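Trainee: The structure that follows is given in the form of structure tokens.
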Ligand SMILES: Nc1ncnc2c1ncn2[C@@H]1O[C@H](COP(=O)(O)OP(=O)(O)OP(=O)(O)O)[C@@H](O)[C@H]1O
Ligand SMILES: [Zn+2]
């Protein structure tokens with residue numbers, strides 16, 4: 001992804017220090033010399049370089065700042081080498097310094113900086129399609145972030161599934177041919193396709209649910225532009241990047257445009273996490289074309305993205321992946337891993353043996369794949385990673401990960417898959433829009449006394465891993481707001497349900513919530529109190545001038561002074577009267593008001 005190549009030499013790797021191009025076979029030798037030079041002095045080189053010298057002042061290659069959330073699990077599983085540049089920054093925003101025109105993690109002291117540079121190069125080169133072999137041979141770990149299918153194909157499933165690296169990352173598509181679904185947006189007939197083919201990429205906001213391919217599409221767009229030498233690609237995560245870092249990236253982009261006439265594609269993951277003023281930082285640069293912005297968000301951009309920025313970007317709405325698209329993604333995965341589908345022709349060249357000959361063969365039931373495609377709810381990351389979990393689990397059970405003396409075959413069944421798919425990953429995005437959409441649907445179904453729909457939305461939330469107490473709190477509120485005095489017992493029911501959930505927990509509390517939801521759906525409804533109280537608030541807030549004093553006869557008079565002031569004077573203690581008591585309880589100016597029928601215009 002971050003590998004820069006010139007259009008003329010498709011197999012070349014760019015030196016991040018002097019920015020000249022080399023073949024994959026010579027880059028390492030060159031780099032040692034170039035780094036040494038860069039660290040000690042900046043005299044012209046005499047080494048293996050050909051081609052014109054390039055200004056040292058030019059900006060370095062892309063800073064890759066990985067979102068902490070998605071890369072941490074990857075990074076932790078890696079060998080010390082590959083990710084150490086990013087690893088110690090995990091959970092904190094990455095701090096960077098520029099050295100030799102390169103961004104180097106601040107924590108790399110002294111010569112570690114040059115090692116960092118080299119690792120960065122390794123990773124970048126690794127991400128590109130060409131020139132990867134030599135570089136990878138130095139790396140102990142077999143896979144790296146963003147690595148594409150081409151590399152995956154070289155690995156046996158045993159190696160690939162043994163490393164604790166998300167399969168979804170390993171299999172991230174590099175071309176539109178491997179990118180499934182989303183035809184409305186990037187299909188042959190789509191409006192966007194000609195732009196992509198002609199390299200005229202506008203600034204984009206990619207909006208879609210998790211795991212539908214936003215990041216992947218950005219990578220594909222970038223790599224098509226890079227192949228044609230049209231642009232460089234920089235990734236930032238809104239969760240871990242400061243405004244200063246953004247400015248730095250923009251400064252580089254300006255230099256790049258000025259010196260090399262190359263545009264920068266800036267990919268910002270989770271752009272909705274940038275606050276509005278951070279989003280403003282991009283605005284002029286998007287406008288004048290220094291950077292092409294590709295922002296990804298799971299949240300509705302009309303609420304979460306700065307309006308000015310939004311108006312300069314084309315919004316592409318990606319959909320949840322369909323079951324069919326998920327099926328294709330999973331099929332590609334099993335084919336890549338050399339896993340056979342049970343009962344299918346094993347002479348199919350698609351299933352060329354990648355299991356080191358003597359290793360047991362891995363089979364999976366078609367039904368298992370179908371189940372996965374259904375249950376991952378259009379999230380390819382969940383789908384692929386649950387495939388990985390299911391296979392890994394069977395492999396370790398059958399001792400496949402230990403060398404030799406293992407059985408000849410293993411089979412992954414539908415049950416294994418279901419085990420692997422954790423309920424919290426199904427159906428539901430707990431933090432995002434889904435959370436609010438579902439609770440709103442539940443509330444409205446109960447209000448409409450539709451008990452079936454109410455149960456359904458409850459199920460959607462609980463099966464998706466929603467906190468039962470969150471639902472219970474909403475029921476308590478509903479009991480008063482929507483049922484109210486039409487059935488005051490509803491409030492008791494709801495509070496009891498809340499308490500019961502509190503001490504029983506999931507999954508046993510499901511039925512308690514279900515009972516309460518049905519009770520509330522069936523209950524008669526009255527909003528008269530809710531409305532009357534709302535009127536009280538409106539009346540108070542729209543009151544002009546000082547609020548009327550509390551009538552003296554309603555005040556308590558615990559001291560003699562207060563009594564002397566007339567507090568409580570004339571108050572009629574109701575139990576002392578056998579007949580109904582005539583007495584005013586409202587301030588004088590409000591006497592006779594009825595908040596149940598009151599309208600703001602009455603005030
Ligand atoms: N349309 C697709 N075709 C093929 N593979 C896909 C597709 N979408 C996603 N994937 C797979 O799922 C993984 C995760 O997708 P990606 O990172 O693009 O999702 P995302 O929409 O950016 O999600 P998030 O909002 O959670 O970051 C990719 O690495 C890739 O393997
Ligand atoms: Zn160099």
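In the numbering used here, the protein residues as written are 1 to 603. Glycine residues also receive a C-beta, built at the ideal position from the N, C-alpha and C atoms. A quick note: this is a predicted structure, and the numbers were derived from the prediction, not measured.
1) Is the separation between the beta-carbon of residue 458 and that of residue 514 shorter than 8 Å?
2) Which same chain residues, not among the five before or five after residue 536, have their C-beta less than 8 Å away from its C-beta?
3) Looking at the unbroken alpha helix (DSSP H) that takes in residue 541, where does it start and where does it end?
4) Just to confirm, are residue 186 and residue 176 a CB contact at a threshold of 8 Å?
5) With hydrogens ignored, establish whether the beta-carbon of residue 182 is closer than 7 Å to any heavy atom of ligand 1.
6) Within a Cβ cutoff of 8 Å, which residues of the same chain sit near residue 202, ignoring the five residues on either side of it in sequence?
7) Need the endpoints of the beta strand (DSSP E) that residue 457 sits in, please.
8) Could you tell me the alpha carbon to alpha carbon distance between residue 167 and residue 334, rounded to whole angstroms?
9) Looking at ligand 1, does it come within less than 7 Å of residue 171, judged from the CB to the closest heavy atom?
10) Count the other CB atoms within 10 Å of the CB of residue 584; is the residue buried (16 or more) or exposed (fewer)?
11) Could you check whether residue 518 and residue 451 sit closer than 8 Å to each other, using their CB atoms as the reference points?
12) Given that a residue counts as buried once 16 or more other Cβ atoms are within 10 Å of its Cβ, and exposed if not, what is residue 266?
13) Does the stretch 230 to 239 come into contact with the stretch 314 to 334, if we say contact requires no fewer than three beta-carbon pairs (one atom in each stretch) closer than 8 Å?
14) Should residue 286 go down as buried or exposed, given a rule of 16 or more other Cβ atoms within 10 Å for buried?
15) Locate the beta strand (DSSP E) running through residue 204, then write down its first and last residues.
16) Would DSSP call residue 295 helix, strand or coil?
17) How big is the Cα-Cα spacing for residue 587 and residue 516?
18) Please check the pair residue 454 and residue 446, which I expect to be a contact at CB under 8 Å, by giving their CB distance rounded to whole angstroms.
19) Excluding sequence positions up to five away, which residues of its chain have a Cβ less than 6 Å from the Cβ of residue 562?
20) What does the Cβ neighbour count give for residue 511, buried or exposed, with the cut at 16 atoms within 10 Å?
21) When the Cα atoms are used, what is the spatial distance from residue 592 to residue 448?
22) Where does the unbroken beta strand (DSSP E) through residue 361 begin, and where does it stop?
23) What separation, rounded to the nearest whole angstrom, lies between the Cα atoms of residue 21 and residue 280?
24) Hey, residue 605 and residue 209 are a contact pair by Cβ (cut 8 Å); roughly how many whole angstroms apart?
25) Measure from the alpha carbon of residue 219 to the alpha carbon of each residue in 526, 253, 296 and 241, then state which is nearest.
26) What do you reckon, are the CB atoms on residue 241 and residue 173 nearer than 8 Å?
27) Does the beta-carbon of residue 485 have 16 or more other beta-carbons within 10 angstroms, so that it is buried, or is it exposed?
28) Specify the secondary structure class of residue 21 as computed by DSSP and reduced to three states.
29) With hydrogens ignored, establish whether the beta-carbon of residue 380 is closer than 7 Å to any heavy atom of ligand 1.
30) If I measure Cβ to Cβ from residue 589 and keep anything under 7 Å in the same chain, skipping five residues before and after, which residues do I get?
31) With 16 as the cutoff for other CB atoms within 10 Å, does residue 256 come out buried or exposed?
32) When DSSP builds the beta bridges, which residues end up paired with residue 267?
33) Quick check: what's the CA-CA separation for residue 411 versus residue 326?
34) Among 301, 205 and 556, which residue has its Cα nearest to the Cα of residue 566?
35) Would the beta-carbon of residue 367 be found less than 7 Å away from any heavy atom of ligand 1?
Mentor: In terms of the structure at hand:
1) Yes, the pair counts as a contact, with Cβ atoms nearer than the cut-off.
2) Contacts found: 595.
3) It spans 528 to 541 - the alpha helix (DSSP H) in which residue 541 sits, taken as one unbroken run.
4) Contact flag set, yes.
5) With a cut-off of 7 Å, the C-beta of residue 182 is classified as near ligand 1, since at least one heavy atom of the ligand falls inside that distance.
6) Answer for residue 202: 195, 292, 313 and 314, listed in chain order.
7) First-last for residue 457: 451 to 463, but that is the alpha helix (DSSP H), not the beta strand (DSSP E).
8) When rounded, the distance between both Cα atoms is 11 Å.
9) Residue 171: yes, Cβ under 7 Å from ligand 1.
10) With fewer than 16 other Cβ atoms from the protein chains shown falling within 10 Å of its own Cβ, residue 584 counts as exposed.
11) Yes.
12) Buried.
13) No, the stretch 230 to 239 is not in contact with the stretch 314 to 334.
14) Buried, since its Cβ has 16 or more Cβ neighbours within 10 Å.
15) Segment 204 to 207, the beta strand (DSSP E) holding residue 204.
16) The answer is strand: DSSP assigns residue 295 an E or B state.
17) Roughly 41 Å separates the two Cα atoms.
18) Right, their Cβ atoms sit about 5 Å apart.
19) So the list is empty, once near-sequence residues are dropped.
20) Flag for residue 511 reads exposed.
21) The straight-line gap from Cα to Cα measures roughly 34 Å.
22) Residue 361 -> beta strand (DSSP E) spans 361 to 364.
23) Counting only the Cα atoms, residue 280 lies some 36 Å from residue 21.
24) Here the chain covers residues 1 to 603 and nothing more, so residue 605 does not appear.
25) The shortest CA-to-CA distance from residue 219 to any of 526, 253, 296 and 241 is the one to 296.
26) The answer is no: Cβ separation not under 8 Å.
27) By the C-beta density criterion, residue 485 is exposed, having fewer than 16 other C-beta atoms within 10 angstroms.
28) Assignment of residue 21 by DSSP, reduced to helix, strand and coil, places it in the strand class.
29) Residue 380 Cβ: within cutoff of ligand 1.
30) The beta carbon of residue 589 sits closer than 7 Å to the beta carbons of 548 from its chain, once the five residues preceding and following it are set aside; these are given in chain order.
31) Counting the other Cβ atoms within 10 Å of the Cβ of residue 256 gives 16 or more, which makes it buried.
32) DSSP output for residue 267 lists 235 and 294 as bridge partner(s).
33) Whole-angstrom Cα-Cα distance: 21 Å.
34) Checked all of 301, 205 and 556; the closest Cα to residue 566 is 556.
35) Answer for residue 367: no, Cβ out of range of ligand 1.
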